[in-house]
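**Student:** Below is the structure I would like to discuss, written out as structure tokens.
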Amino acid sequence: GEEIFLDMFEDEYRSMTMKPMNVEYLMMDASILLPPTGTPLTGIDFVKRLPCGDVEKTRRAIRVFFMLRSLSLQLRGQPETQLPLTREEDLIKTDDVLDLSELVTPSHSG
Numbered sequence: 001g002e003e004i005f006l007d008m009f010e011d012e013y014r015s016m017t018m019k020p021m022n023v024e025y026l027m028m029d030a031s032i033l034l035p036p037t038g039t040p041l042t043g044i045d046f047v048k049r050l051p052c053g054d055v056e057k058t059r060r061a062i063r064v065f066f067m068l069r070s071l072s073l074q075l076r077g078q079p080e081t082q083l084p085l086t087r088e089e090d091l092i093k094t095d096d097v098l099d100l101s102e103l104v105t106p107s108h109s110g
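Heads up, the final residue of the sequence shown is numbered 110 in full-length UniProt numbering, and it's a clean run with no missing numbers.
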């Protein structure tokens, strides 16, 4: 459960930073004029409709948290220092050399 939440948290953060909400673009979308729908079957994008089910409700809550956090930091003039939780520079890359010597434990034969 916790790992799934953290993955969702990271995915939503990445999604919101890669494609921030553009109010001008949002105002040009006719689907905003329709009554709010809560089903993905309508084809209306997630950010423009009500959440459907527990997973989407969690996603929406995470997005609201990020928006409020961003607003709070902006109003206080502070930079974001805690997110994302996983830093790109900390990830193992394709050509990285790994030191596995610490993983090998001597076997004790008795």
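For glycine and all other residues, C-beta sits at the position ideal for the given N, C-alpha and C.
None of the values given here were measured: they were computed from a predicted structure.
To which residues of the same chain is methionine 16 closer than 6 Å at the C-beta, ignoring the five residues directly before and after it?
**Tutor:** Working through the sequence shown from its first residue, we reach residue 16 at position 16. Excluding sequence neighbours, methionine 16 sits near Phe66.
**Student:** Ignoring anything shorter than 4 residues, give me the alpha helix (DSSP H) runs that lie fully in the UniProt domain "CLEC16A/TT9 C-terminal" (1-101), in order along the chain.
**Tutor:** Runs of the alpha helix (DSSP H) inside the UniProt domain "CLEC16A/TT9 C-terminal" (1-101): 2-18, 23-27 and 53-76.
**Student:** Whose CA, out of Phe46, Tyr13 and Ile4, lies closest to the CA of proline 84?
**Tutor:** Residue mapping note: residue 84 aligns to position 84 of the sequence shown, counting from 1. Minimum Cα distance to proline 84 is reached at Tyr13.
**Student:** Quick check on this structure: which residue in Leu41, Glu56 and Ile62 has the alpha carbon closest to the alpha carbon of leucine 6?
**Tutor:** Here residue 6 is taken as the residue at index 6 of the sequence shown, counted from 1. Of the listed residues, the one whose Cα sits closest to leucine 6 is Ile62.
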